[in-house]
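Trainee:
There are 2 protein chains.
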Amino acid sequence: MQVVLQTFRLLIADLCQQFGMGHPGSAIGMAALGVALWKYSMKYAPHEPDWFNRDRFVLSNGHACLFQYTNLYLTGYKAMTWEQLLSYHSERPDSLCPGHPEIEHEGIELTTGPLGQGIANAVGLAMATKHLAATFNRPGYDIVNNHTWCMVGDACMQEGVGCEAFSYAGHLKLTNLTVIYDNNQISCDGSVDLTNTEDVNKKMEACGWEVIDVEDGVNDVEAVVSALEKGRDPNREKPLFINVRTIIGVGSAVAGKAVAHGVPFGKDNVAAMKKAYGWDIERTFYIPDEVKSFYSDLPSRGEQHVKEWNQLLASYSNEYPELAQTFKDRMEGKLPQDWQWMIPQAFPSEATPSRKSNSLVVSKILAQVPTFMVGTADLTPSVNLTYKDYEIFNPPDLVPISGAKGSYKGRYIHYGIREHVMAAIANGLAAYSPRTIIPITSSFFMFYLYAAPAVRMGALQKLKVIHVATHDSIGAGEDGPTHQPVELAALYRSMPNMLYIRPGDSEEVAGAWKVAIEYDDGPCMISVSRHALPQLQGLTKRDSVAKGAYVLKEEKDAHVTVMAVGAELSFAVNVAKELDEKHGIKARVVSFPSHKLFREQPLSYQREVLQRNVGIPAVIIEPYVSLGWERFADAGVNMKGFGHSLPGKYIYNHFGFETDSMAKRIGGFLKDWKAGNIGRGEFVEL
Amino acid sequence: MQVVLQTFRLLIADLCQQFGMGHPGSAIGMAALGVALWKYSMKYAPHEPDWFNRDRFVLSNGHACLFQYTNLYLTGYKAMTWEQLLSYHSERPDSLCPGHPEIEHEGIELTTGPLGQGIANAVGLAMATKHLAATFNRPGYDIVNNHTWCMVGDACMQEGVGCEAFSYAGHLKLTNLTVIYDNNQISCDGSVDLTNTEDVNKKMEACGWEVIDVEDGVNDVEAVVSALEKGRDPNREKPLFINVRTIIGVGSAVAGKAVAHGVPFGKDNVAAMKKAYGWDIERTFYIPDEVKSFYSDLPSRGEQHVKEWNQLLASYSNEYPELAQTFKDRMEGKLPQDWQWMIPQAFPSEATPSRKSNSLVVSKILAQVPTFMVGTADLTPSVNLTYKDYEIFNPPDLVPISGAKGSYKGRYIHYGIREHVMAAIANGLAAYSPRTIIPITSSFFMFYLYAAPAVRMGALQKLKVIHVATHDSIGAGEDGPTHQPVELAALYRSMPNMLYIRPGDSEEVAGAWKVAIEYDDGPCMISVSRHALPQLQGLTKRDSVAKGAYVLKEEKDAHVTVMAVGAELSFAVNVAKELDEKHGIKARVVSFPSHKLFREQPLSYQREVLQRNVGIPAVIIEPYVSLGWERFADAGVNMKGFGHSLPGKYIYNHFGFETDSMAKRIGGFLKDWKAGNIGRGEFVEL
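Chains A and B, in that order, are what the protein sequence lines are.
Take the first sequence: its letter number 674 is residue 674 in the UniProt record's numbering, and every next letter is one higher.
Take the second sequence: its letter number 324 is residue 324 in the UniProt record's numbering, and every next letter is one higher.
1. Could you tell me whether the Cβ of N121(B) comes closer than 8 Å to any Cβ of chain A?
2. Near V291(A), what residues of its chain come up, given a Cβ to Cβ distance below 7 Å and the 5 sequence neighbours on each side ignored?
3. Can you give me the start and stop residues for the beta strand (DSSP E) that R245(B) sits inside?
4. Under DSSP, the beta strand (DSSP E) around K553(A) begins and ends at which residues?
5. Does any residue of chain A bring its CB to less than 8 Å from the CB of S442(B)?
6. In terms of alpha-carbon separation, which member of N146(A), N310(A), D634(A) and K238(A) lies closest to G208(A)?
7. What residues from chain A crowd round L313(B), counting only those whose CB sits closer than 9 Å?
8. Please list, in chain order, the residues of the segment 461 to 476 of chain B that have any C-beta partner in chain A closer than 7 Å.
9. Along the chain, where does the alpha helix (DSSP H) containing C156(B) start, and where does it finish?
10. Using 8 Å as the threshold, is the C-beta distance between M457(A) and T441(A) below it?
11. Apart from the five residues on each side of it in sequence, which residues of its chain come closer than 7 Å, Cβ to Cβ, to V144(A)?
12. In chain A, which residues lie less than 9 Å from I143(B) when you measure between Cβ atoms?
13. Given a threshold of 16 other Cβ atoms within 10 Å of its Cβ, counted over all protein chains shown, does I474(A) qualify as buried or as exposed?
14. How about residue 717(A): is its C-beta nearer than 8 Å to some C-beta of chain B?
15. Report the residues of the segment 178 to 210 of chain A with a CB closer than 9 Å to any CB of chain B, ordered along the chain.
16. With respect to the beta strand (DSSP E) encompassing I466(A), which residues constitute its N-terminal and C-terminal limits?
17. CB P353(B) to CB H483(B), shorter than 8 Å?
18. Compute the Euclidean distance between the alpha carbons of P400(B) and V259(A), then round it to the nearest angstrom.
19. Could you confirm whether any beta carbon from chain A is found closer than 8 Å to the beta carbon of C163(B)?
20. Verify the CB distance criterion: does S296(B) have a CB-CB separation below 8 Å to chain A?
21. Would you say residue 687(A) reaches chain B, if we count a Cβ-Cβ gap shorter than 8 Å as a contact?
22. Taking only beta-carbon positions, decide if P114(A) is within less than 8 Å of chain B.
23. Determine the burial state of A79(A): buried for a count of at least 16 other Cβ atoms within 10 Å of its Cβ, exposed for fewer.
24. To the nearest angstrom, how far is the alpha carbon of N146(A) from that of Q185(B)?
25. Could you check what DSSP says for N269(A) in three-state terms: helix, strand or coil?
26. Pick helix, strand or coil for D182(B), following the three-state DSSP scheme.
27. So, at 8 Å on beta carbons, what are the nonlocal neighbours of A431(A) in its own chain, with the 5 sequence-adjacent residues on each side left out?
28. Expressed to the nearest angstrom, what Euclidean distance is found between the alpha-carbon atoms of M563(A) and F683(B)?
29. Three-state secondary structure (DSSP) at I657(B)?
30. Rounding to the nearest angstrom, what Cα-Cα distance links E91(B) and G20(B) in this structure?
31. Look at the Cβ atom of Q611(B), then the Cβ atom of T561(B), and state whether they are nearer than 8 Å.
32. Give, in chain order, every residue of the segment 400 to 418 of chain B whose Cβ lies closer than 7 Å to some Cβ of chain A.
33. Helix, strand or coil: which one does DSSP assign to W513(A)?
34. Check whether the segment 337 to 347 of chain A touches the segment 434 to 454 of chain A, counting contact only when three or more Cβ pairs, one atom from each stretch, lie closer than 8 Å.
35. Any residues in the segment 494 to 514 of chain A with a beta carbon nearer than 9 Å to a beta carbon of chain B? Which ones, in chain order?
36. Taking 8 Å as the threshold (beta carbon to beta carbon), is N269(A) in contact with chain B?
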């Protein structure tokens with residue numbers, strides 16, 4: 001065994017030495033954990049990395065990525081060739097060994113790196129298993145029963161998102177989740193006790209976890225394996241936390257020191273390691289035959305796992321043909337053909353909060369299409385995402401004081417007041433297998449700032465998650481500026497792959513959901529209002545939402561295009577009318593629900609909608625700050641600072657969004673425009 | 001006592017009933033806590049709300065703001081008149097009773113509302129006291145010894161930022177901090193056990209807190225007072241957590257129910273409450289004389305506190321005249337006059353990472369001006385913010401494994417891997433008293449997304465915090481897209497009051513710090529590079545940074561203005577040269593360190609710099625996404641998606657930031673421009 005551990009450690013040291021970059025220390029300290037996981041404990045299939053029922057492994061301490069890459073190589077993942085392993089930190093843009101594990105690559109479940117995210121992702125993966133198992137397994141047919149293993153470092157234990165995840169996973173009693181804590185007590189600044197002296201085990205127990213200690217995680221592979229085996233114990237009632245003492249950079253001169261974390265050890269130190277092991281100090285990247293043979297059975301073991309599972313699935317299909325068909329459709333990420341027809345064709349004409357429109361549009365889909373799992377960060381009464389006969393996702397034996405029982409079959413998730421972990425868990429649910437589960441999260445738009453790091457990770461990974469952000473704009477009202485997201489849209493409009501949509505009424509909400517459900521390149525956020533919005537029936541068009549912006553009201557010989565979006569869409573219509581009636585100004589009206597979708601349109605369409613190229617200036621009305629609108633508009637009625645605590649009916653006027661005031665300012669701007677006072681490309685704040 | 005509690009509860013119920021809006025439940029449940037705090041336990045002075053040594057009170061569950069407003073009224077804060085109290089949720093924009101407590105108003109220490117922030121703020125306040133006490137107190141002269149009291153609700157306990165704060169405060173042994181947990185076990189979705197079943201007391205103990213239970217927090221004022229008194233116990237070695245069982249909306253028909261949280265109880269229910277108390281059901285907003293007299297001694301008690309403290313300060317000034325002068329300067333937020341001269345006048349000419357420039361610029365100021373407290377989220381070796389003889393802020397009796405001892409006098413803060421709480425604690429440090437402590441935080445720029453909710457709260461409150469964000473842009477390199485902040489600048493450039501600056505070399509870093517230290521309207525973020533940058537000596541000008549953008553290189557009869565910023569500033573210089581030499585195109589060069597500062601310049605200056613109004617198009621080079629640049633540029637060489645894991649020396653080329661490629665594309669754009677192919681206001685991605 002020692003030679004296996006030594007080989008692994010020296011490989012890591014050499015890999016970092018190669019280009020003088022990388023994170024050697026933790027990976028080296030975790031050598032024994034790797035052997036225990038990949039050789040003994042995990043169920044996986046190197047030849048079929050996406051085997052549906054494989055155990056999931058998440059490296060939350062993603063900087064230790066060499067730990068994973070090297071194990072993928074040793075255990076026979078085909079894409080991870082020797083050349084690929086050597087490409088870590090090389091100039092190759094097609095390297096499968098980026099600085100943190102990335103979901104695109106074989107054998108990697110999720111992209112990690114920002115610390116603590118991985119724990120939450122793992123919770124999502126384990127929830128997915130629990131849910132699919134509860135939904136599809138039948139006596140004798142555990143077709144979904146994979147385990148989720150998550151490695152965490154000292155840093156992950158400190159991050160808030162990790163704390164939220166631990167608390168929630170303990171509550172959920174995720175017995176199919178094992179977290180392995182690489183407890184080396186070293187972080188960048190020095191020893192962990194410089195900043196963290198909590199009793200970790202006690203804290204984890206308080207959070208509802210079973211805790212096991214492994215005293216020697218450096219060499220005692222057997223102890224680790226035996227701890228991991230407890231993870232699979234069918235009688236366990238809690239998720240398992242294994243606190244493994246390791247030594248960062250073990251075997252090197254910097255063992256146990258912070259400097260072992262993020263810099264190569266240096267040529268001499270690596271040579272000294274080799275010498276201490278009795279190895280040839282000149283030989284680099286060496287894998288002895290006995291080590292190769294140690295790992296050689298894994299590919300065939302993987303094939304056996306897949307074969308057995310396929311057989312199980314075949315019998316299951318015989319015994320439960322209909323259920324098995326549903327299961328296969330879910331595996332393939334197929335939605336039922338008829339989901340589109342569940343969207344109402346027409347809506348009530350009275351003023352409706354778009355959060356309610358949202359419910360009108362999706363509640364039937366949510367109720368009837370089991371692919372969706374809907375959740376909220378404790379805003380059930382506000383976000384309007386419950387649906388007929390919804391069942392809560394909770395441990396079946398939990399009887400809350402409020403009486404609302406659930407089960408793992410439930411698809412409505414009470415995340416608690418934990419926005420960040422909600423979005424990160426949703427990433428895990430989505431990553432379990434493409435479109436097998438489509439998670440929907442919800443909260444006030446403002447609190448998607450708490451969730452932003454996880455939303456970003458979803459965007460980076462192109463994970464299909466739909467976020468429903470309610471109470472957008474200053475219309476959130478009396479809750480005040482802490483709840484009024486004047487600048488947050490800039491983040492989501494600028495985030496690659498992220499589809500941020502602000503629909504203006506029920507009709508546009510319908511269009512937004514069609515786009516959201518079909519969009520496959522990342523997360524979508526549907527941003528809706530708290531307060532009632534006029535329904536612009538006959539003007540708004542659901543199918544036009546997909547184009548990002550469209551002409552709501554054309555006007556021949558127009559002097560100006562007035563554009564608005566979302567909760568304030570009707571403002572543009574009112575202002576255009578006022579301009580016509582009181583100022584003799586003809587205005588076209590454009591609805592602009594999504595920057596991204598509009599930018600993807602051909603230039604010809606963009607010009608047709610905006611008409612700036614033929615000399616008609618465009619004005620945007622939106623009570624967010626203007627940043628980003630300069631691309632589409634020449635002037636804007638926007639927020640210039642934070643909001644204010646005022647009830648909804650007063651706040652728009654307070655900030656100058658009354659129709660007559662806006663019309664006057666736009667009129668003034670047009671005079672300046674005609675007089676040539678406005679330079680090309682200049683944007684005027686009205 | 002019962003009449004006091006009843007009066008308080010009915011006032012809250014009436015206040016919410018008045019306009020049919022508000023959060024009555026928690027405030028009503030917390031009535032006894034209010035009496036215990038304001039009548040018995042807290043040291044404060046209604047006539048002098050900003051008395052330096054007052055106890056600080058933070059309402060982390062900010063939606064329960066009526067709890068605080070009503071107590072401010074009852075205890076005699078002058079600004080909180082009867083009319084003001086009645087203005088809660090009215091149409092008055094000058095109401096002192098916004099939907100969440102706001103720092104601008106008398107008696108409010110910090111704006112709260114986004115849950116969990118308040119806990120972290122309170123930790124910052126308590127750290128400020130510890131630090132000032134350790135620095136200025138002398139035997140017999142406890143001139144700074146105030147206590148910090150923080151109310152939290154069930155939600156605050158779940159938020160990640162709260163978890164981070166608890167863990168760190170326990171580590172710091174903040175004996176001057178008491179957290180009072182309004183444990184009503186109800187949140188919006190129902191009973192808390194729907195989503196959280198952790199053993200809170202055990203978890204808090206594990207985090208290093210002393211825990212006291214109060215079983216009847218509804219009526220047993222005496223038990224609460226006795227628990228609070230333990231908060232002041234000078235022999236305590238840990239921060240104190242008081243777990244107080246309360247009942248949301250107690251006394252009403254919705255007592256103990258989620259619906260009591262955020263909606264008024266309704267006329268009949270309020271009447272029923274009054275009836276049950278034996279009160280006149282028609283009478284609203286009634287305060288019996290005995291209640292008035294119950295609170296009547298508080299103003300004079302406050303005057304006495306201030307008087308005694310002033311006397312103490314006078315003797316202290318006699319005995320320690322020099323120290324007292326320093327203390328008074330700190331109280332007044334005065335920086336020593338000579339800080340500006342500590343900034344070097346010249347810098348080495350060799351390529352320098354701007355994170356290192358940053359150190360060259362501020363390390364002397366940090367070492368010599370005690371106003372600054374510097375911290376990092378575990379990136380000491382990366383952010384380069386240590387300074388000569390720096391001392392760590394840590395409990396004096398803590399001896400970490402790494403040996404690095406500290407004390408409360410220390411001004412270097414190891415926040416751990418807790419970016420969010422770092423920024424939130426910094427807000428607390430800054431809010432203790434204006435400019436008495438100026439906190440500096442630091443991390444990789446990307447991880448200011450984790451910290452963003454707290455950075456925003458600092459901006460909203462105009463708190464003077466300086467954030468040093470290193471490893472900005474794709475230059476972060478091999479760490480990959482999880483660490484490359486392509487879209488984050490859009491958030492900080494759009495955030496009101498936030499001053500985001502990307503300096504281009506050491507000279508501009510010097511300018512950035514001058515601006516940052518003088519800026520008084522909110523936080524500043526200085527965004528610097530990991531990798532070495534050419535020093536554009538003779539071109540860059542420190543004093544021009546204050547203008548946001550300036551001409552780096554003028555050119556007569558120019559065809560184009562090439563603009564760049566921060567780590568890529570030299571790209572513009574190189575591209576201009578290439579355009580001239582290879583394409584016969586004359587280019588002006590503009591450095592653009594800050595959108596906000598530039599937007600604040602007169603239009604005449606903006607036009608002088610950009611010259612777009614005289615027909616010269618502007619092109620921006622920045623490896624962030626383009627959003628926001630459309631205001632200043634006609635075209636851009638920007639990122640179109642997320643980054644990639646590649647070492648720094650390869651990544652710029654990978655994304656098309658080679659000089660020749662950029663010059664070619666700019667040349668192509670200029671042809672299109674001349675040919676009139678680009679519509680007015682259109683922005684072209686090159």
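We put the CB at the ideal spot given by N, CA and C, even for glycine.
Mentor: Result, derived from the coordinates:
1. Working through the second sequence from its first residue, we reach residue 121(B) at position 121. No, because no Cβ of chain A sits closer than 8 Å to the Cβ of N121(B).
2. Position 291 of the first sequence, counting from 1, holds the residue named residue 291(A). These residues qualify, in order along the chain: V3, V4 and T7.
3. To locate residue 245(B), count along the second sequence from 1; it is residue 245. First-last of the beta strand (DSSP E) with R245(B): L240 to R245.
4. Indexing the first sequence from 1 puts residue 553(A) at position 553. Counting along the chain, the beta strand (DSSP E) containing K553(A) begins and ends at Y550 to K553.
5. In the second sequence, residue 442(B) corresponds to position 442, counting from 1. Taking 8 Å as the CB threshold, S442(B) stays off the interface with chain A.
6. Numbered from 1 along the first sequence, position 208 holds the residue referred to as residue 208(A). Considering only alpha carbons, the answer is K238(A).
7. In the second sequence, the residue the question calls residue 313(B) occupies position 313. L313(B) does not reach chain A, its nearest Cβ partner there being about 34 Å away, counting only Cβ pairs nearer than 9 Å.
8. none
9. In the second sequence, residue 156(B) corresponds to position 156, counting from 1. First-last of the alpha helix (DSSP H) with C156(B): D154 to Q158.
10. Taking the first sequence and counting its residues from 1, one reaches residue 457(A) at position 457. Taking the first sequence and counting its residues from 1, one reaches residue 441(A) at position 441. Taking 8 Å as the cut-off, the beta carbon of M457(A) is found no closer than this to the beta carbon of T441(A).
11. Working through the first sequence from its first residue, we reach residue 144(A) at position 144. Around V144(A): N53, T129, L132, A133, F136 and N137.
12. Start at 1 with the first residue of the second sequence, and residue 143(B) comes out as number 143. What I143(B) touches in chain A: nothing, since even the nearest Cβ is about 29 Å away.
13. The residue labelled residue 474(A) in the question sits at position 474 within the first sequence. By the neighbour-count criterion, in which a residue is buried when 16 or more other Cβ atoms sit within 10 angstroms of its Cβ, I474(A) is buried.
14. Nothing about residue 717(A) can be reported from this structure: the residues present for chain A run from 1 to 686 only.
15. Q185, I186, S187, C188, D189, G190, S191, V192, D193, L194, T195, N196, T197, E198, D199, V200, N201, K202, K203, M204, E205, A206, C207 and G208
16. One-based indexing of the first sequence puts residue 466(A) at position 466. Note, I466(A): beta strand (DSSP E), I466 to T470.
17. Counting from 1 along the second sequence, the entry for residue 353(B) is found at position 353. Counting from 1 along the second sequence, the entry for residue 483(B) is found at position 483. No, the pair does not count as a contact, with Cβ atoms beyond the cut-off.
18. Looking up residue 400(B) in the second sequence gives position 400. Looking up residue 259(A) in the first sequence gives position 259. In a straight line, the C-alpha of P400(B) is about 17 Å away from that of V259(A).
19. For the purposes of this step, residue 163(B) is taken as residue 163 along the second sequence, with counting starting at 1. It does; some Cβ of chain A falls within 8 Å.
20. Start at 1 with the first residue of the second sequence, and residue 296(B) comes out as number 296. So no, S296(B) is outside the interface.
21. For residue 687(A) there is no data in the structure shown, the boundaries of chain A being 1 and 686.
22. Translated into the one-based positions of the first sequence, residue 114(A) becomes position 114. Output row for P114(A): interface = yes.
23. Locating residue 79(A) in the first sequence gives position 79, where the first residue counts as 1. Of the residues assessed, A79(A) falls on the exposed side of the cut-off, its CB having fewer than 16 other CB atoms within 10 angstroms.
24. As a working mapping, residue 146(A) is identified with position 146 in the first sequence. As a working mapping, residue 185(B) is identified with position 185 in the second sequence. Their backbone Cα atoms lie some 35 Å apart in a straight line.
25. If you number the first sequence from 1, residue 269(A) lands on position 269. Three-state DSSP puts N269(A) in a helix.
26. Position 182 of the second sequence, counted from the first residue, corresponds to residue 182(B). Strand.
27. Here residue 431(A) is taken as the residue at index 431 of the first sequence, counted from 1. Taken in chain order, the residues that qualify are I103, E109, L110, N121, G124, L125, Q461 and L463.
28. Against the first sequence, residue 563(A) aligns to sequence position 563. Against the second sequence, residue 683(B) aligns to sequence position 683. Roughly 18 Å separates the two Cα atoms.
29. Here the question's residue 657(B) lines up with position 657 in the second sequence. It is worth fixing the name first, because residue 657(B) is Phe in this sequence and not Ile. It is coil, neither helix nor strand.
30. For the purposes of this step, residue 91(B) is taken as the residue at position 91 of the second sequence. For the purposes of this step, residue 20(B) is taken as the residue at position 20 of the second sequence. Going by the C-alpha atoms only, they are around 13 Å apart.
31. Indexing the second sequence from 1 puts residue 611(B) at position 611. Indexing the second sequence from 1 puts residue 561(B) at position 561. Their beta carbons are under 8 Å apart, which means Q611(B) touches T561(B) by this criterion.
32. Here the close residues are P400, I401, S402, A404, H414, Y415, G416, I417 and R418.
33. Here residue 513(A) refers to the residue found at position 513 of the first sequence. Three-state result, W513(A): helix.
34. no
35. S494, M495, P496, N497 and M498
36. As a working note, residue 269(A) is residue 269 in the first sequence. Chain B contact via Cβ: absent.
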